[in-house]
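Written below as C-alpha cells is the structure these notes are about.
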Amino acid sequence: MIDFELSPEEKTTIEAAHKFAEEFMRPISRYYDEHEHEEPEEFIQKSMGLRSQGGVFGLGVAAALRVEEYCWGDAGLMLAMPGPGLGGAAVFASGTREQIERFLKRYGEDKPCWGAMAMTEPHCGSDTAAINTTAVREDNEWVINGEKIFVTAGKRAMEKSNGLTVVWATVDKTAGRAGMKPFVVEAGTPGVKVEKQEKKLGIRASDTVTLVFDNCRIPFDNILGSPEVRKVDKTDTSGFKKAMATFDATRPIIAAMAIGVARAALDFVKETLEKEGVKIRYGLPRQKLTALERDVMEMESQYKAAKMLMLRAVWMMSQFQPNNLESSMAKVKAGLAATRITQKAVEILGPLGYSRKYLVEKWMRDAKINDIFEGTGQINMLVVARRILDFTREQLK
Ligand SMILES: Cc1cc2nc3c(=O)[nH]c(=O)nc-3n(C[C@H](O)[C@H](O)[C@H](O)COP(=O)(O)OP(=O)(O)OC[C@H]3O[C@@H](n4cnc5c(N)ncnc54)[C@H](O)[C@@H]3O)c2cc1C
Numbered sequence: 036m037i038d039f040e041l042s043p044e045e046k047t048t049i050e051a052a053h054k055f056a057e058e059f060m061r062p063i064s065r066y067y068d069e070h071e072h073e074e075p076e077e078f079i080q081k082s083m084g085l086r087s088q089g090g091v092f093g094l095g096v097a098a099a100l101r102v103e104e105y106c107w108g109d110a111g112l113m114l115a116m117p118g119p120g121l122g123g124a125a126v127f128a129s130g131t132r133e134q135i136e137r138f139l140k141r142y143g144e145d146k147p148c149w150g151a152m153a154m155t156e157p158h159c160g161s162d163t164a165a166i167n168t169t170a171v172r173e174d175n176e177w178v179i180n181g182e183k184i185f186v187t188a189g190k191r192a193m194e195k196s197n198g199l200t201v202v203w204a205t206v207d208k209t210a211g212r213a214g215m216k217p218f219v220v221e222a223g224t225p226g227v228k229v230e231k232q233e234k235k236l237g238i239r240a241s242d243t244v245t246l247v248f249d250n251c252r253i254p255f256d257n258i259l260g261s262p263e264v265r266k267v268d269k270t271d272t273s274g275f276k277k278a279m280a281t282f283d284a285t286r287p288i289i290a291a292m293a294i295g296v297a298r299a300a301l302d303f304v305k306e307t308l309e310k311e312g313v314k315i316r317y318g319l320p321r322q323k324l325t326a327l328e329r330d331v332m333e334m335e336s337q338y339k340a341a342k343m344l345m346l347r348a349v350w351m352m353s354q355f356q357p358n359n360l361e362s363s364m365a366k367v368k369a370g371l372a373a374t375r376i377t378q379k380a381v382e383i384l385g386p387l388g389y390s391r392k393y394l395v396e397k398w399m400r401d402a403k404i405n406d407i408f409e410g411t412g413q414i415n416m417l418v419v420a421r422r423i424l425d426f427t428r429e430q431l432k
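When we follow my numbering, the leftmost residue of the sequence shown carries the number 36, and every step to the right adds one.
Okay, here's the thing in C-alpha cells:
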C-alpha cells in the first residue's frame, strides 16, 4: 500500500522550509538572478541553521516536499544551499557502508560544504556511456584525466573546504559501460581546475562550471564500489547501472524542484486574479467556464498530476523498491508541467508576467532546466517507453 502520510515532525520541517523560502529566499531572489556569480554568503549561513529541520538532506517524501518549498522560494538559491547534492546521491547509490559514512558525515557538521556530480563531457551528455575521462591505477592511487562540463555546485564543491565531487570516469574504454566507475575527488585536490563558470538562462544563483582533471591523483579507496571490470561477461554493466541508480534517486528530486517552481507561478497567478476580483468557479461544466478559468484549472491539474508521480517515485525509493520507471515518469511529467505552467502564467498575466518587476518571468526561465538536466525529457521518455514496452536499449534508441 502506498502511504504518503507524514509524521508531525516531518510536517514541521516542511512548514519551516516554507517559512524559510518566504522570509529568506524570495526577498533576495531577483538580486542573485541579476548578480549571477556573486556568492550569497549571508543566505548560506542562514541555511546552515535549517539542518536541524532536515535542510536539503534526505531522499524520502518529506525531503522532496521540503525541496518543493525551497524551490517555491528560489530554485537557484536552493541549489546554492550547502549539502551533499548530486554527489551525495551518487555516494549513497554506489558506495559501501564505510564510504557512505566517510564521505557523507561531513554534511552534518557545522561548516558549510557542498557535493557535486560530474558526468557530462564536451562531446556527450545524454549518451553517458560515451565518456572519455579516464582513471588509471598507479600503485595506491587513481590518476584522473579529462574534462567535465556543466557541473552543478562544482565550484563550491571543489573550492570550499570539505566539499567533494563524484567524477564518472572509465577504467577501461574497451569494456564499454562495464568500465565506467564513480570516483570521489575531494576539494583542494591538486590537478583539478575550475575552468569556467557558465552564464545561464535560469537558476542563476546556482554555480555551474567546467572542471578539468590533469593528472589528478586520488586515494585508491575513493573509487565507489568495486574496481573490478568483468569484461568477459558482456552483460556486466555494473558501473553504468550505478550511474542509473544515482539517477533513479535524483530524478524524483529534480521533479520536486520543478513542482516548486510551478507552484510559485500558479500561486502568483491565483493571488493576482483574486486581487482583480476574478473568481475561479470550480465544479461548473466545462462549457460554462471562461477560457481563463479553464487555463487555471488545467495548470492546477498539471501541477497535481506531476506531484502525485513525484511522490510515488520518492516513496518507492524510501521503501527501497526499484523505481527506475517511476522516477523517469515523474521527471518527464514535472519538467513538462513546470515549463507549461510557468509559460501559461506569463501568458495570463501579460505585461505583468513579462516584467522584471515580478518574478514570473524568472520562474519561466528557472523551470526549463528541469526538462534538461538529470536526463532530458526526451531521454526520460525513452526510459519510460523501454520499460513499458519491454524493449532493450538496442531495440529502442
Ligand atoms: C544548468 C545545467 C546544470 C547541469 N548540471 C549537471 C551536473 O551537475 N552534472 C552533470 O554531469 N551534468 C550536468 N548538466 C548536463 C546535462 O545533464 C546535459 O546537458 C543533458 O544530459 C543533455 O546532454 P547534452 O547536453 O549532451 O545534450 P544532447 O545529449 O546532445 O541532447 C541534445 C538534444 O537531443 C536530444 N536527444 C539526445 N539523444 C536523444 C535520443 N536518443 N532520442 C531523442 N532525443 C535525444 C536531447 O533530449 C536534447 O534535446 C547540466 C546542464 C545544465 C544546463
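All C-beta atoms, glycine included, are put in the ideal place defined by N, C-alpha and C.
Residue state for D242 is assigned as coil, using DSSP reduced to three classes. Remark: the shortest separation between the CB of D162 and any heavy atom of ligand 1 falls under 7 Å. For secondary structure counted as the alpha helix (DSSP H) over 4 or more consecutive residues, the region 92–180 holds these complete runs in sequence order: 96–115, 120–129 and 132–139. Per the C-alpha coordinates, the member of K342, M116 and M152 positioned closest to I184 is M152.
Taken in chain order, no unbroken stretch of alpha helix (DSSP H) lies wholly in the region 191–234 with a span of 4 residues or more. Ranking V331, V304, K310 and D302 by CA distance to the CA of R316 puts V331 first. Excluding residues up to 5 positions away in sequence, A97 lie with their Cβ nearer than 7 Å to the Cβ of E45 in the same chain. In this chain, the alpha helix (DSSP H) harbouring M416 covers G412 to L424. Shown here, F282 sits in a helix according to DSSP, grouped into three states. Remark: the C-beta of V227 is outside contact range of ligand 1, defined as less than 7 Å to any heavy atom.
At least one heavy atom of ligand 1 is found less than 7 Å from the C-beta of I407. Within the DSSP secondary-structure output, K183 pairs in a beta bridge with L246.
For the 8 Å CB-CB criterion, S129 and T285 do not form a contact. Within the chosen limit of 7 Å, ligand 1 reaches the beta carbon of I404 through at least one heavy atom. By the Cβ test, the region 71–89 is not in contact with the region 124–141, since fewer than three Cβ pairs between them sit closer than 8 Å. Within a 10 Å sphere around the beta-carbon of L431 sit fewer than 16 other beta-carbons, which makes this residue exposed.
Using a cutoff of 7 Å, the CB of K305 does not count as near ligand 1, since none of the ligand's heavy atoms is closer than that. Contact annotation: the region 290–310 touches the region 100–116, with at least three C-beta pairs closer than 8 Å. The count of Cβ pairs closer than 8 Å, one atom from the region 335–347 and one from the region 248–268, stays below three, leaving the stretches out of contact. Taking the Cβ of A278 as the reference point, every heavy atom of ligand 1 lies at 7 Å or farther away. In terms of Cβ geometry, D109 and M60 form a close pair [threshold 8 Å]. By a beta-carbon distance limit of 8 Å, L301 does not contact A420. Their separation comes to about 29 Å.
Only residues of its own chain outside the window of five on either side were considered, and among them R422 have a CB closer than 6 Å to the CB of L360, listed in chain order. Set against 7 Å, the gap from the CB of T427 to the closest heavy atom of ligand 1 is not smaller.
Taking C-beta separations shorter than 7 Å and ignoring five residues to either side along the sequence, the partners of T411 in its chain run S161, following chain order. Put simply, the backbone Cα of M116 is about 27 Å away from that of R375.
Remark: the C-beta of K140 is outside contact range of ligand 1, defined as less than 7 Å to any heavy atom. Contact holds between the region 241–248 and the region 187–201, because three or more Cβ pairs, one in each stretch, are under 8 Å apart.
Separation of the CB atoms of G150 and G198 is rounded to 7 Å, and the pair is thereby assigned contact status at 8 Å. Collapsing the DSSP output to three states places I37 in coil. With the rule of 3 Cβ pairs closer than 8 Å, the region 225–232 does not count as touching the region 165–175. Counting only residues of its own chain and dropping the five nearest sequence neighbours on each side, A299 has a CB closer than 6 Å to the CB of W107 and W398. Within the model, the alpha-carbon separation for I383 versus K392 is close to 16 Å.
Membership of M352 in the alpha helix (DSSP H) is indicated by the continuous run A326 to S353.
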